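The structure under discussion appears below in the form of structure tokens.
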Amino acid sequence: MTHSPLLRSDETLFRDPEVFEFTFLPEQIHYRDAQVRELAFLLQPALRGGSAGSAVIRGPPGTGKTTTVHRIFAEVTETTKKLVPVYVNCRHDRTALAVFGCIFEQAFGYAPPSRHLDGIKRGIAARLRDEDAALVVCLDDANELIPAGTYNTLLYQILRLYERWDVRKPGVFAVASDLGLNLYAEADESVRSVFHPTEVNFPPYTKAEIRGILADRIRQGLYPGVVSKSLLDRIAGIAAGEQDIRVGIDLVRLTVLRAEKDGRRRVAPADVTAAAQAVRSPALRARVAGLSEGERALLYRIAELSVVGADMIGGAVFEEVQDYLPVGRTTYHEHLNGLANAGIVDLVPGAGRGREVRLRYDPGEVLAVCKPPDRR
Ligand SMILES: Nc1ncnc2c1ncn2[C@@H]1O[C@H](COP(=O)(O)OP(=O)(O)OP(=O)(O)O)[C@@H](O)[C@H]1O
Ligand SMILES: [Mg+2]
Numbered sequence: 000m001t002h003s004p005l006l007r008s009d010e011t012l013f014r015d016p017e018v019f020e021f022t023f024l025p026e027q028i029h030y031r032d033a034q035v036r037e038l039a040f041l042l043q044p045a046l047r048g049g050s051a052g053s054a055v056i057r058g059p060p061g062t063g064k065t066t067t068v069h070r071i072f073a074e075v076t077e078t079t080k081k082l083v084p085v086y087v088n089c090r091h092d093r094t095a096l097a098v099f100g101c102i103f104e105q106a107f108g109y110a111p112p113s114r115h116l117d118g119i120k121r122g123i124a125a126r127l128r129d130e131d132a133a134l135v136v137c138l139d140d141a142n143e144l145i146p147a148g149t150y151n152t153l154l155y156q157i158l159r160l161y162e163r164w165d166v167r168k169p170g171v172f173a174v175a176s177d178l179g180l181n182l183y184a185e186a187d188e189s190v191r192s193v194f195h196p197t198e199v200n201f202p203p204y205t206k207a208e209i210r211g212i213l214a215d216r217i218r219q220g221l222y223p224g225v226v227s228k229s230l231l232d233r234i235a236g237i238a239a240g241e242q243d244i245r246v247g248i249d250l251v252r253l254t255v256l257r258a259e260k261d262g263r264r265r266v267a268p269a270d271v272t273a274a275a276q277a278v279r280s281p282a283l284r285a286r287v288a289g290l291s292e293g294e295r296a297l298l299y300r301i302a303e304l305s306v307v308g309a310d311m312i313g314g315a316v317f318e319e320v321q322d323y324l325p326v327g328r329t330t331y332h333e334h335l336n337g338l339a340n341a342g343i344v345d346l347v348p349g350a351g352r353g354r355e356v357r358l359r360y361d362p363g364e365v366l367a368v369c370k371p372p373d374r375r
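Sequential numbering from 0 applies to the sequence shown in numbering that gives the first Met the number 0.
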């Protein structure tokens, strides 16, 4: 590249745009050594002629569950034939026919010739026996199988494959991002007698970890010097506030596209501000959708007060909202805590005068997203 500050229209800042796609599988998985070790440990017996163990993998969205499993499975495929790893996306495949079709396809490399479940199972078993291989199946987003009514039958059919077909007992990695759901407890007794999963947890990333992951993506996907350290820091802060690494990856991509469109070689602070609005609004909307009517009315009033630069100490806000929201102090505090729990405001302890109410979002954005409260 030349060093002119302006970008020619045929030049790009992206060394590899794929790096910012959601389907991109990073070579390096950061901050997940413990989880990788636990999962690899479960697979080890299968490499020595035994069976793979099972796991329940839990963690909030964007904590690297899918990526980690993909990485491990890719390495297994590269290094051994003794273990056949199969990845099933349960958002797409929920019936026994679809899931065993997936298993068949990944074991053979082509789609099953018949749509007959028993025939497909027999084919899979024959393949495993011929190769003297063990099977491990990852049911990603397995929570989707519960409303579909196929969770228990599928687990049962996979885990008990060995009884009828004389193969080694398969391992199952069941993945869920819904922390309120216990995939082991959802299994019924007949399944639990053969399903003894190890729990592997994926905690949310800290801001420093998000920064590290983003820095790595930037190194791989962009030419040097496009995103400064301080802007990376700001992007990591926004993604950490949203508790979503995907927001960070998307922000990097969008800010670079903006710079490129403007013919600049470097991302500017204004690019981050503009791109942040585009990615944050959907998140804000989702959070507001979960509020009660009272919480939403209070949020609207708080946004109005912040626009005019009013005193945002909790007590003062309480006085201010009285005209619009005639609620008692207890209800007011409940609503306020509701907003804090939803991740829309921060309640910052102040010196003596009570907590300061600080919006995490631009007040104008909040007003646009909240409907005006009815003024009783
Ligand atoms: N440790 C990591 N190192 C590098 N990239 C990561 C890491 N963790 C997550 N990512 C990236 O963040 C994005 C989200 O990760 P992933 O899809 O694995 O999350 P998940 O836990 O499966 O989320 P969900 O529950 O929503 O399916 C992906 O683009 C992935 O490449
Ligand atoms: Mg996932």
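For each residue, glycine too, the CB sits at the ideal point set by N, CA and C.
Treat the numbers as computed from the prediction; the structure is a model and nothing was measured.
Can residue i and residue j be called in contact, C-beta distance under 8 Å?
{"i": "L178", "j": "R31", "result": "no"}
{"i": "A235", "j": "L221", "result": "no"}
{"i": "R167", "j": "A133", "result": "yes"}
{"i": "P196", "j": "V75", "result": "no"}
{"i": "C137", "j": "V193", "result": "no"}
{"i": "S53", "j": "F172", "result": "yes"}
{"i": "A95", "j": "E104", "result": "no"}
{"i": "P203", "j": "P59", "result": "yes"}
{"i": "R286", "j": "L6", "result": "no"}
{"i": "D139", "j": "V199", "result": "no"}
{"i": "G353", "j": "G308", "result": "no"}
{"i": "N142", "j": "L116", "result": "no"}
{"i": "K80", "j": "E130", "result": "yes"}
{"i": "A124", "j": "L160", "result": "yes"}
{"i": "E319", "j": "R279", "result": "no"}
In its own chain, which residues sit with a C-beta less than 8 Å from the C-beta of residue i, not counting the 5 before and 5 after it?
{"i": "I217", "result": "V225, V226, L231 and V251"}
{"i": "V266", "result": "V225, V226, S227, L230, T254, V255, R257 and A258"}
{"i": "R357", "result": "M311, V344, D345, L346 and V347"}
{"i": "R397", "result": "Since the first residue shown for the chain is 0 and the last is 375, residue 397 is missing from the structure and cannot be characterised."}
{"i": "F317", "result": "R328 and Y331"}
{"i": "A97", "result": "H91"}
{"i": "L298", "result": "V287, L290, L338, I343, V344, V365 and C369"}
{"i": "L283", "result": "I343, Y360, E364, V365 and V368"}
{"i": "R14", "result": "Q219, G220, L221 and Y222"}
{"i": "G211", "result": "H29 and Y30"}
Excluding sequence positions up to five away, which residues of its chain have a Cβ less than 6 Å from the Cβ of residue i?
{"i": "R126", "result": "A106"}
{"i": "T1", "result": "Low confidence applies to T1: its pLDDT is 48, below 50, so where it sits in the model is not reliable, and the reading given next is rough at best. The answer is none, since no qualifying residue turns up."}
{"i": "A288", "result": "none"}
{"i": "G61", "result": "D243, I244 and R245"}
{"i": "A45", "result": "A51, L82 and A133"}
{"i": "D270", "result": "T254, R257 and A258"}
{"i": "V135", "result": "A51, P84 and G170"}
{"i": "W164", "result": "A124"}
Excluding five sequence neighbours on each side, which residues of the same chain lie with their C-beta closer than 7 Å to the C-beta of residue i?
{"i": "K206", "result": "A235, G236 and A239"}
{"i": "A275", "result": "I237 and L250"}
{"i": "G63", "result": "I28, R31 and F201"}
{"i": "T11", "result": "E259"}
Under 8 Å: do the segment 35-43 and the segment 151-159 share three or more Cβ pairs, one atom per stretch?
no
Counting Cβ pairs, one atom from each stretch, are 3 or more of them under 8 Å apart for the segment 350-364 and the segment 295-306?
Yes: the two stretches touch, three or more of their Cβ pairs being nearer than 8 Å.
Just to confirm the assignment: which complete alpha helix (DSSP H) runs, minimum length 4, are found wholly within the segment 176-207?
188-191
The segment 254-261 / the segment 329-338 touching (three or more Cβ pairs under 8 Å)
no
Beta strand (DSSP E) runs wholly inside the segment 341-368, at least 3 long, in chain order:
344-347 and 355-358
Quick test of the definition: if touching needs 3 or more C-beta pairs under 8 Å, does the segment 62-79 touch the segment 18-26?
yes
Environment of ligand 2 in chain order, Cβ to heavy atom below 7 Å
K64, T65, D139, D140, V174 and S176
Given 8 Å as the limit, is there contact between the segment 144-154 and the segment 113-128, that is, 3 or more CB pairs closer than that?
no
I'd like the ranges of any beta strand (DSSP E) spanning at least 3 consecutive residues and lying wholly in the segment 36-79.
54-57
What ranges does the alpha helix (DSSP H) occupy inside the segment 276-348, keeping only unbroken runs of at least 4 residues that lie completely in it?
292-306, 313-320 and 328-340
Where are the beta strand (DSSP E) runs, 3 residues long or more, that stay fully inside the segment 242-268, in chain order?
none
Restricting to runs no shorter than 4 residues, where is the alpha helix (DSSP H) found entirely within the segment 88-157?
Taking only runs of at least 4 residues, the alpha helix (DSSP H) segments lying wholly in the segment 88-157 are 95-107, 116-130 and 144-147.
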